[in-house]
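Participant: Residue numbers (this note's numbering): -14 to 222.
The C-beta atom is built at its ideal place from N, Cα and C for all residues, glycine as well.
Take a look at this one; I'll ask things after.
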Amino acid sequence: MIWPLIACLLTIIVFLVTRKVAEVVGSPLFNPLILSVIIIISILLLLKIPYQHYFEANKPINSLLQPAIVALAFPLYKQLHQIRAHWKSILLICTVASSFAMISGGFLCLWLGGNETILASVLAKSVTTPIAMTISSSLGGIPSISAICVLCAGIFGVIFAHSIFRFIKVDKLQARGLSIGAVSHALGTARSMELNYQEGAYSSLALVLCSIITSILSPVIFPLIKLIYKNVTLILM
C-alpha cells in the first residue's frame, strides 16, 4: 500500500520541481514533461524498478488524463461566440490538418521501411493518447508505439511551434491555437493555455475536432495509403 503513494508523490514532486526549473530558465527546451521523463527514467534505472510496477502504481494520476481533456472545454465555451461565427472555416482547417497529418506520417513511415503494423501505429500520432491508442488497436497497430508517437508529436510542438510561428510571422491567436491543437494535441494545448487564454481555447477546439475527424477518416485513409504507396513503388521499380 505504501509503494503506490511513494510512486505518485515521486511523479508529482518531480513535475513540480521541473516546472519551477522551466519557469526560471525560460527556454522551451527545458520543458517540464521532458525533464520529468528523463529524471524518472534515471531514478527507475538507478533503483532497478521495473517500469510496469511504476506505471501500475501511478494509476490514480493516469486516470486524471480523461477529466483533464474534458476540462479543456471550459475555455472553449468562453470563446463560443467567435467559434460560431467561423465554424465552417474551423471545420475545414481541422479536416485538412487531420488528413495531412495522417497521410504525411503514413507515407513517411512506409518510405522509411515501416510495415503495415507500424503504419497503423503511427497513423493517429497527432491526436490525444487514449484516442490514438484506440485507433491504433482497431487498425491492427501497437498501442504502446502509438503512445510514444503521440508523446513525440506533443513534445516537438511544445518546443518548436512558437519559434516557427515567430519565424514565419503568424500572429493571429486563432491560427496559432488551431495549428498547435491539430498536431500537438493536449501537450501543445497546455502550452498554449499557459501563454494565452484565447490561443489555448482554439487549440482545445482543434484537439477535440481533430480527434473526432481522425477517428472517422483513419479507417479510410489507412488502406488508401497502402494502396497508393504500393502502386507508386511498382511504377518506380
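If you check the beta carbons only, do Ser188 and Leu212 fall under 9 Å apart?
Facilitator: No; because the gap between Cβ atoms is not below 9 Å, this pair is not in contact.
Participant: I believe Ser84 touches Leu202 by the beta-carbon criterion, under 8 Å. Please report the beta-carbon distance rounded to the nearest angstrom.
Facilitator: Contact flag correct, Cβ pair sits at about 6 Å.
Participant: I want to know whether the region 162 to 178 touches the region 79 to 99 - three or more CB-CB distances under 8 Å.
Facilitator: Short answer: they touch.
Participant: Report back the beta-carbon spacing between Leu108 and Leu95 to the nearest angstrom; my notes put them in contact at under 8 Å.
Facilitator: Actually they are not in contact, since the Cβ atoms of Leu108 and Leu95 sit about 11 Å apart, beyond 8 Å.
Participant: Going by other Cβ atoms of all chains shown within 10 Å of its Cβ, with 16 needed for buried, is Gly98 buried or exposed?
Facilitator: With fewer than 16 other Cβ atoms within 10 Å, it is exposed.
Participant: Are Trp(-12) and His38 closer than 9 Å when you measure CB to CB?
Facilitator: Yes, they are a contact pair.
Participant: For Phe207, which three-state DSSP category applies?
Facilitator: Helix at Phe207.
Participant: Given Gly125, which residues of its chain have a CB within under 8 Å of its CB, disregarding the five upstream and five downstream residues?
Facilitator: If we look at Gly125 and ignore the five residues flanking it on each side, its Cβ neighbours are Glu101, Thr102, Ala105.
Participant: Grab the span of the alpha helix (DSSP H) containing Val6 for me, first residue to last.
Facilitator: Counting along the chain, the alpha helix (DSSP H) containing Val6 begins and ends at -13 to 10.
Participant: Are the Cβ atoms of Thr113 and Leu192 separated by less than 9 Å?
Facilitator: In contact: Thr113 and Leu192 (Cβ atoms closer than 9 Å).
Participant: What residue range is occupied by the uninterrupted alpha helix (DSSP H) comprising Val143?
Facilitator: Looking at the DSSP string, the run of the alpha helix (DSSP H) that includes Val143 is 128 to 152.
Participant: When the Cβ atoms of the region 172 to 181 are set against those of the region 149 to 157, are three or more pairs found closer than 8 Å?
Facilitator: No, because fewer than three Cβ pairs between the region 172 to 181 and the region 149 to 157 fall closer than 8 Å, the two stretches do not touch.
Participant: May I ask which residues mark the beginning and end of the alpha helix (DSSP H) holding Thr119?
Facilitator: Where Thr119 is concerned, the enclosing alpha helix (DSSP H) stretches over 114 to 124.
Participant: Less than 9 Å between the beta carbons of Thr111 and Thr199, yes or no?
Facilitator: Looking at the sequence shown, residue 111 is not Thr but Ser. Yes; because the gap between Cβ atoms is below 9 Å, this pair is in contact.
Participant: Taking just the CA atoms, how far does Ile19 sit from Ile45?
Facilitator: A small fix is needed here, since residue 45 is Pro in this sequence, not Ile. If I take the Cα positions, the gap works out to 21 Å.
Participant: Is the beta carbon of Pro115 sitting closer than 9 Å to the one on Leu50?
Facilitator: Contact flag set, yes.
Participant: Need the endpoints of the alpha helix (DSSP H) that Val168 sits in, please.
Facilitator: Where Val168 is concerned, the enclosing alpha helix (DSSP H) stretches over 158 to 180.
Participant: What is the DSSP secondary structure of Asn47, counted as helix, strand or coil?
Facilitator: Note: Asn47 maps to helix in three-state DSSP.
Participant: Spatial neighbours of Arg4 within its chain, please: CB distance less than 8 Å, with the 5 preceding and 5 following residues excluded, ordered by chain position.
Facilitator: Result list for Arg4: Pro17, in chain order.
Participant: Going by Cα to Cα distance, which pick from Ala160, Val135, Ser121, Leu(-10) is closest to Ala42?
Facilitator: It is Leu(-10).
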